[in-house]
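When you line the sequence shown up against the numbering used here, it's residues 21 to 151, in that order.
Encoded as structure tokens, the structure appears first; notes follow it.
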Amino acid sequence: MQQTTYQTVLPYYERFLAKFPSVEALAAASERDVLKAWEGMGYYARARNLHKAAKRFAADGWPRTAAEWAAAPGVGPYTAAALASVLAGEKAPVVDGNVARVFSRVWRLDDDFGKLPARAKLAARLVPYIA
């Protein structure tokens with residue numbers, strides 16, 4: 021919902037969930053059916069990645085660690101860390117631009133936090149501070 025509002029997308033999202041009420045239902049669908057059901061929500065690459073991930077999860081089970089989540093199609097380090105933290109209690113810091121900006125000032129770091137290796141390095145440094 022980066023370029024629209026919740027109210028605009030909700031009917032399309034509800035229709036999608038009605039058509040694919042489980043990861044198994046989504047995994048069993050054809051890509052064509054998934055893309056058709058995705059109409060109105062934009063960013064078709066997300067639908068393709070969601071479909072690929074559903075196939076993987078239906079076959080292999082749900083990821084538990086940040087590394088496993090990050091290996092799923094369309095899941096980046098931020099989302100992987102958030103999912104592993106919330107769903108499995110992993111100490112996986114979620115580092116976005118704001119977190120990087122704050123800690124780069126506090127710790128006087130001059131890394132380029134626009135790049136993933138710098139964010140990963142900062143995330144590793146934050147692990148001991150997670151309760």
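Idealized CB from N, CA, C, for every residue including glycine.
None of these values were measured; they are calculated from a predicted model.
Neighbour-count burial assignment, residue i, 16 or more Cβ in a 10 Å radius
i, result
"P148", "exposed"
"R139", "buried"
"A100", "buried"
"L103", "buried"
"L46", "buried"
"P41", "exposed"
Distance between residue j and residue i (C-alpha atoms, nearest Å)
i, j, result
"P31", "A38", "10 Å"
"K75", "T85", "18 Å"
"K111", "F123", "18 Å"
"L55", "G96", "22 Å"
"V114", "A73", "21 Å"
"V43", "D130", "42 Å"
"F133", "A67", "28 Å"
Delimiting residues of the alpha helix (DSSP H) encompassing residue i
i, result
"V119", "117-126"
"W58", "51-58"
"S105", "97-108"
"K141", "136-146"
"R68", "64-80"
Cβ-heavy atom distance, residue i to the ligand NAD, below 7 Å
i, result
"L55", "Ligands are entirely absent from the displayed structure, and the ligand NAD is therefore not among its contents."
Inter-stretch contact at 8 Å, needing at least 3 Cβ pairs: the stretch 81-100 / the stretch 52-62: no
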